[in-house]
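J.:
Protein chains: 2
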Amino acid sequence: MTTRPDALRELEREVGVMVRRVRRVIDERARAVHPDLQPAAYLMFGYLLDNGPLRASALCTAFDIDKGAISRQVQHLVDLGLVDRTPDPDDGRATLISVTDDGASRFKDVVDHRRKWFDDRLGEWSADELLAFATMLSRYNEALGR
Amino acid sequence: MTTRPDALRELEREVGVMVRRVRRVIDERARAVHPDLQPAAYLMFGYLLDNGPLRASALCTAFDIDKGAISRQVQHLVDLGLVDRTPDPDDGRATLISVTDDGASRFKDVVDHRRKWFDDRLGEWSADELLAFATMLSRYNEALGR
DNA sequence: CAATAAGGTTGACCTCGACAACCAATCTTC
DNA sequence: GAAGATTGGTTGTCGAGGTCAACCTTATTG
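Heads up: the protein sequence lines correspond to chains A and B, in order.
In the numbering used here, each residue's number is its place in the first sequence (first place is 1) plus 15.
In the numbering used here, each residue's number is its place in the second sequence (first place is 1) plus 15.
Here it is as structure tokens:
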């Protein structure tokens with residue numbers, strides 16, 4: 016029988032381990048896309064790839080971090096040629112950020128490697144389990160965000 | 016129908032959000048223990064409380080970070096009077112790190128607040144759900160660590 | 001008794017997020 | 001339609017916190 020406080024304690028500890036461990040995994044992955052690509056920017060890059068051209072402010076809310084940080088990460092991606100900034104036709108203040116062809120192809124090369132990597136470690140997880148886990152994470156994040 | 020790659024993608028994103036959001040929560044919690052307590056040190060402090068006096072090297076492997084970082088975090092805890100360094104009687108090179116009485120009592124005061132805080136946000140989660148989540152995290156961490 | 005290894009500390013460096021000041025464009029409101 | 005208020009972004013400064021490498025001290029081992 017596990018009590019609720021025990022479960023919370025356990026949760027906190029695992030979260031801590033996860034945070035550190037994930038940092039390294041992302042770091043590796045980022046460098047596979049481009050040797051100079053910073054980990055944080057890699058995550059935004061992936062998001063941009065999936066969710067088409069976006070404004071910086073959209074990234075802000077999606078990643079829940081400061082707009083200053085976003086601005087710099089985007090600049091970093093632009094410097095590496097992975098992403099383009101174009102003015103938003105609908106709003107003179109905004110700029111749309113879109114993945115370049117080079118960026119897309121670089122990422123594509125990494126996808127296979129990544130899937131293989133994940134299959135190595137998460138092989139026993141079914142797609143449903145993975146999704147259930149992601150859903151729980153999302154719910155947890157939502158709860159924390161209040 | 017969700018495909019496995021979709022689930023992985025989703026998972027990666029949620030993990031990213033979690034990492035950032037958790038950072039803030041830990042930050043708050045740390046300052047509740049002591050206004051000058053840094054978040055990373057808070058986690059080590061909690062671990063020390065549960066796992067008795069430890070050498071720095073034990074923290075190193077437990078948290079899987081550089082010994083230089085550990086050394087500084089411990090120094091930080093010492094400066095705040097939350098922790099003591101005493102020479103290890105079994106090994107002249109090593110020092111044992113133990114929680115002070117003040118440190119223990121400060122932490123204790125925070126436990127109630129923490130439980131209340133969690134109850135506010137994770138109120139709908141049953142103990143079983145929490146544990147299931149923690150277990151999944153643990154499994155995930157284990158997978159990542161290989 | 002060297003040589004090597006292990007435990008810690010420290011300094012230089014890097015990532016990266018928060019906060020605030022600021023500019024430009026847009027919206028609101030009278 | 002001009003005066004604020006708001007929104008989208010950029011940039012400077014700062015702090016947290018990690019890596020790497022050099023170094024000192026103490027143990028261990030041949």
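Backbone N, C-alpha and C define an ideal beta-carbon position, used for all residues, glycine too.
Would you please state the rounded distance, in angstroms, between the beta carbons of L145 (chain B) and L23 (chain A)? I believe it to be under 8 Å.
T.: Right, the Cβ-Cβ distance comes to about 6 Å (below 8 Å), so this counts as a contact.
J.: How is the alpha helix (DSSP H) around S120 (chain B) delimited, first residue to last?
T.: D116 to L137
J.: Could you give the C-beta distance for N156 (chain B) and V32 (chain A), rounded to a whole number, given that I count them as a contact under 8 Å?
T.: The Cβ separation is near 5 Å, so the contact holds.
J.: In chain order, what residues of the same chain lie with their CB nearer than 8 Å to the CB of L111 (chain B), ignoring the 5 residues before and after it?
T.: P68, L69, R70, R100, T101, P102 and D103
J.: Counting along the chain, where does the beta strand (DSSP E) carrying R4 (chain B) start and finish?
T.: What is shown of chain B runs 16 to 161, which leaves residue 4 (chain B) out entirely.
J.: When every heavy atom of the ligand NAP is checked, does at least one fall within less than 8 Å of the C-beta of P68 (chain A)?
T.: Ligands displayed in this structure: none; no statement on the ligand NAP is therefore possible.
J.: CB-CB under 7 Å to A55 (chain A), same chain, minus the five flanking residues each way: which ones, in chain order?
T.: Q88
J.: Report the rounded CA-to-CA distance for V30 (chain A) versus R136 (chain B), giving the unit in angstroms.
T.: 16 Å
J.: Between the segment 29-62 of chain A and chain B, which residues of the former have CB atoms less than 8 Å from a CB of the latter, in chain order?
T.: If the cut-off is 8 Å between Cβ atoms, the segment 29-62 of chain A has E29, V30, G31, V32, M33, V34, R35, R36, V37, R38, V40, I41, L58, G61 and Y62 near chain B.
J.: Expressed to the nearest angstrom, what Euclidean distance is found between the alpha-carbon atoms of A119 (chain A) and L26 (chain B)?
T.: In this structure, the CA atom of A119 (chain A) is about 20 Å from the CA atom of L26 (chain B).
J.: Listing by chain order, which chain B residues have their CB less than 7 Å from the CB of S153 (chain A)?
T.: What S153 (chain A) touches in chain B: E29.
J.: S113 (chain A) bridges to which residues according to DSSP?
T.: A:D99
J.: For C75 (chain A), which residues from the same chain have a beta carbon less than 6 Å from its beta carbon, with the 5 sequence-adjacent residues on both sides left out?
T.: K82 and I85
J.: Does Q53 (chain B) pass the burial test, meaning 16 or more other C-beta atoms within 10 Å, or should it be called exposed?
T.: So Q53 (chain B) counts as buried.
J.: If you draw a straight line from the C-alpha of D21 (chain B) to the C-alpha of D143 (chain A), how long is it?
T.: 11 Å
J.: May I have the straight-line CA-CA distance separating A45 (chain B) from V93 (chain B), to the nearest angstrom?
T.: 15 Å
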